[in-house]
Amino acid sequence: MKQNFQATAPNEVWMADITYIPTDEGWLYLASIMDLYTRKIVGWYIDTRMTKELVIKALQRALNNEKSTGRVLHHSDRGSQYASNDYQQLLQEHHFQVSMSRRGNCYGVMSRKRIR
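See the structure below:
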């Protein structure tokens, strides 16, 4: 699948990623989902562990916050959290079109990184 995404309206393309946040007590992990068209964070969750539950809770928040009128393209890296059966099942239940970065491509969700 091509990796150069464009959106012409809200809720066409969602980009998912995990950010590592160093603290004095250790690491925090922020899972966020950004609407590519609006650049709005539509769902997020933060935890001390980087598990599938982290990304599932972020996706559930996004689903509660946004009302999709069509099929949304969901793009993420190939991390174990996003590739987990539970996360993929949730995407399938909500009729997402799933896209994942090419294997070995750490820049696959780069368009997310430039949030203003």
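In UniProt numbering, the protein residues as written are 1 to 116.
C-beta: ideal position from N, C-alpha, C; glycine also.
Keep in mind that this is a model prediction, so the values were computed, not measured.
Anticipated Cβ contact below 8 Å, residue i with residue j, distance rounded
i: Asp17; j: Lys52; result: Not quite, the Cβ-Cβ distance comes to about 15 Å (not below 8 Å), so this is no contact.
i: Arg61; j: Gly43; result: 4 Å
i: Met15; j: His94; result: 16 Å between Cβ atoms; not a contact.
i: Glu12; j: Leu73; result: 7 Å
i: Thr19; j: Leu30; result: 4 Å
Euclidean distance between Cα positions of residue i and residue j
i: residue 120; j: Glu25; result: The structure shown does not extend to residue 120, since the chain is modelled only from 1 to 116, so the question has no answer here.
i: Tyr45; j: Ile56; result: 9 Å
i: Asp77; j: Ser101; result: 5 Å
i: Ala9; j: Leu91; result: 20 Å
i: Gly79; j: Leu63; result: 21 Å
i: Gln89; j: Leu28; result: 26 Å
i: residue 139; j: Ile33; result: Outside the shown range of the chain (1 to 116) lies residue 139, about which nothing can therefore be said.
i: Leu54; j: Phe5; result: 25 Å
i: Phe49; j: Ala7; result: The displayed chain sequence assigns Arg, not Phe, to residue 49. The straight-line gap from Cα to Cα measures roughly 32 Å.
i: Asp35; j: Val98; result: 15 Å
Alpha helix (DSSP H) segment containing residue i, residue limits
i: Gln60; result: 52-65
i: Gln6; result: Premise fails: Gln6 is in no alpha helix (DSSP H) and is neither H nor E.
i: Leu30; result: Careful: Leu30 lies outside any alpha helix (DSSP H), inside the beta strand (DSSP E) at 26-35.
Bridge partner(s) assigned by DSSP for residue i
i: Gly79; result: Paired residue(s): none; Gly79 is not in a bridge.
i: His74; result: Trp14, Val98
i: Tyr45; result: Ala31
i: Tyr20; result: Tyr29
Contact with chain D by residue i, beta-carbon distance below 9 Å
i: Met15; result: Looking at the structure shown, chain D is missing, and only one protein chain is on hand.
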